[in-house]
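Notes follow once the structure below has been shown.
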Amino acid sequence: MVMKKLINDPENIVKELMKGLVKAHIDVLELIDDDTIVRRKKKEKGKVQIVFGQGAGHEPAFNGMVGFGMHDVEIPGGIFSCSGGDRIYEGIKIAWEDSGHTPVVLLIANHEGDVINGNIALDMAHDDGIDVEPVLLYDDIASAPKGDEENRRGMAAMTFAFKISGALAEEGKSRDEIIEKTKSIVSASRTLAVALNPCTHPATGQLLFTLGEDELVIGPGVHGEAGPEGPIKMTTADAVMDIVAGRVITDGDFKSGDDALVLINGSGATTLMEMFILYNRLEEILKSKNIKPYKPLIADIITTQEMAGFSLSMAKADAEVKRLWDAPVNTPYFKVFGD
């Protein structure tokens, strides 16, 4: 398959992407040294800073989540590759200095490179006297079995952690409280993805994996990693959602009467038509089990280029989680302005 993408020099994809994003959202974002995105309107002094570093290629995540109520600083890496530890350290330092030396929370997606580089950045920051602590984000039930949750990959349910941590920081909560409640939503989060077609790496034109024309795969990763199971024959939206929702509900121990945050996340090439058909079936499944979705989100949030497919993310939601999910946020691609 020949790659068709509207790009220029593959070496400049990330820089040109960042410049275009910031120019389009100049009221919300600011670009520092051509490689770090920060919120233009800073938090009040004394409020905890939220920092995240991840690979590009997942737009609108993760640069599109910088702003009021979410991230203060985002350090993009290359396409599907984490930022280097030294660059993440520089992002932490920017947050620390912008806030007048307020504590920083570094969110780390649970992928090998992200963890390695995040730990390098933490060591450098601690050596420099910066008060920063991490929270590891994980939710992909396909990547490790139940009981081994902390070895699962970070997937679309990271959105829940971004929203909860950002809302708490905006309210002026302490760093320890933000970490505690963010870890709580992470431990409650579950995601399972489906791919119908693979994506190409925009810098190389190479397919990330292959599928037959009449096949789909359950459990692919956010970087285009093939699922741990072999492909199955293409089937209906309802049949796919029956499989995915059943596994997510079982793994997350969702019970009758539970409220749940729900995200159907498009992988990049999936239409809203398809996602709403999927949600129609999901709502029927949840209703039959007396599980109540709270203000579900159906959108492309964390994509994998032109991969066709979706993921289902759910997390149990008590009154506090629902309040924080509703809290105001103003980023380029995640906005809540209240009732």
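Numbering (our numbering), first residue to last: 33 to 371.
Note that the Cβ used here is the ideal one computed from N, Cα and C, for glycine as well.
Same chain, Cβ closer than 6 Å to residue i, five either side skipped, listed in chain order
i: Lys399; result: Residue 399 is absent from the structure shown; the chain starts at 33 and stops at 371.
i: Glu62; result: Val70 and Arg72
i: Asp417; result: Here the chain comprises residues numbered 33 to 371, so residue 417 is not present and cannot be evaluated.
i: Gly99; result: Val60, Arg71, Asn362 and Thr363
i: Ala157; result: Tyr121, Ile124 and Val164
i: Ser197; result: Ile82, Ile210 and Thr214
i: Met35; result: Thr232 and Gly237
i: Leu314; result: Met273 and Ala277
i: Arg119; result: Ile107
i: Phe194; result: Met97 and Met102
i: Val105; result: Val70, Val83, Gly123, Ile126 and Ala127
i: Pro42; result: Ala235
i: Ile317; result: Ala277
Chain-order list of residues whose beta-carbon lies under 7 Å from that of residue i (same chain, five-residue window excluded)
i: Gly116; result: Asn149
i: Pro166; result: Leu138, Ile140, Gly150 and Leu154
i: Met339; result: Ala227, Asn229, Pro230, Cys231, Gly256, Ser299, Gly300 and Ala301
i: Asn95; result: Met50, Leu53, Ile69, Glu106 and Pro108
i: Thr335; result: His90, Glu91, Gly298, Ser299 and Gly300
i: Leu169; result: Leu139, Ile140, Ala141, Asn142, Gly186, Met190, Ala193 and Val218
i: Ala258; result: Phe241, Val249 and Pro252
i: Ile64; result: Val70 and Ile126
As assigned by DSSP and simplified to three states, the class of residue i
i: Met346; result: strand
i: Pro328; result: strand
i: Lys265; result: strand
i: Phe112; result: coil
i: Phe308; result: helix
i: Glu106; result: strand
i: Ser206; result: coil
i: Val34; result: coil
i: Leu318; result: helix
i: Asn362; result: strand
i: Thr335; result: coil
i: Arg71; result: strand
i: Leu243; result: coil
i: Ala220; result: helix
i: Val254; result: coil
i: Gly341; result: strand
i: Ala271; result: helix
i: Asp285; result: coil
i: Ala227; result: strand
Supposed close pair residue i, residue j - CB separation, criterion 8 Å
i: Phe369; j: Pro360; result: 6 Å
i: Val46; j: Ile111; result: 7 Å
i: Pro177; j: Gln337; result: Pro177 to Gln337, Cβ: 29 Å. No contact.
i: Ser288; j: Asn322; result: 4 Å
i: Thr302; j: Phe342; result: 5 Å
i: Lys74; j: Ala201; result: Incorrect: roughly 12 Å between the Cβ atoms, too far for contact.
i: Ala93; j: Ile333; result: 6 Å
i: Leu356; j: Ala199; result: 4 Å
i: Ile152; j: Asp283; result: No, Ile152 and Asp283 are not in contact; Cβ-Cβ is about 32 Å, not under 8 Å.
N- and C-terminal bounds of the beta strand (DSSP E) containing residue i
i: Lys367; result: Phe366 to Val368
i: Ile64; result: Leu61 to Ile64
i: Leu295; result: Asp291 to Gly298
i: Phe192; result: Taken as a continuous stretch (DSSP letters only), Phe192 belongs to no beta strand (DSSP E), being part of the alpha helix (DSSP H) at Met190 to Glu202.
i: Ala157; result: Note, Ala157: premise wrong, no beta strand (DSSP E); alpha helix (DSSP H) at Glu144 to Asp159.
i: Ile250; result: Glu247 to Ile250
i: Ala235; result: First-last for Ala235: undefined, no H or E at that position.
i: Ala93; result: Element bounds for Ala93: n/a, residue is neither H nor E.
i: Gly259; result: Element bounds for Gly259: n/a, residue is neither H nor E.
i: Leu53; result: No beta strand (DSSP E) contains Leu53, which is instead part of the alpha helix (DSSP H) from Ile45 to Ala56.
i: Gly85; result: Gln81 to Ala88
i: Ala141; result: Val136 to Ala141
Same chain only: Cβ atoms within 8 Å of residue i, ignoring 5 sequence neighbours per side
i: Thr242; result: Pro230
i: Ser175; result: Asn183, Arg184, Arg185, Gly251, Gly253 and Pro260
i: Asn40; result: Glu48
i: Trp128; result: Gln81, Thr134, Val136, Ala157, Ile162, Asp163 and Val164
i: Phe308; result: Ile330
i: Ile275; result: Ile250
Span of the alpha helix (DSSP H) around residue i
i: Glu165; result: Careful: Glu165 lies outside any alpha helix (DSSP H), inside the beta strand (DSSP E) at Val164 to Leu169.
i: Gly117; result: Gly117 to Asp130
Evaluate contact between the stretch 339-356 and the stretch 208-226, counting only Cβ atoms and requiring at least three cross-stretch pairs below 8 Å. As far as the Cβ criterion goes, the stretch 339-356 touches the stretch 208-226, which means the pair count is three or higher.
The stretch 247-267 contacting the stretch 55-68, beta-carbon criterion three pairs below 8 Å: no
For the pair the stretch 151-162 and the stretch 185-192, tell me if three or more CB-CB distances fall below 8 Å. no
Between the stretch 83-90 and the stretch 204-220, are three or more C-beta pairs nearer than 8 Å? no
Stretch-stretch touch, CB-based, cutoff 8 Å, three pairs: the stretch 294-309 with the stretch 327-335: yes
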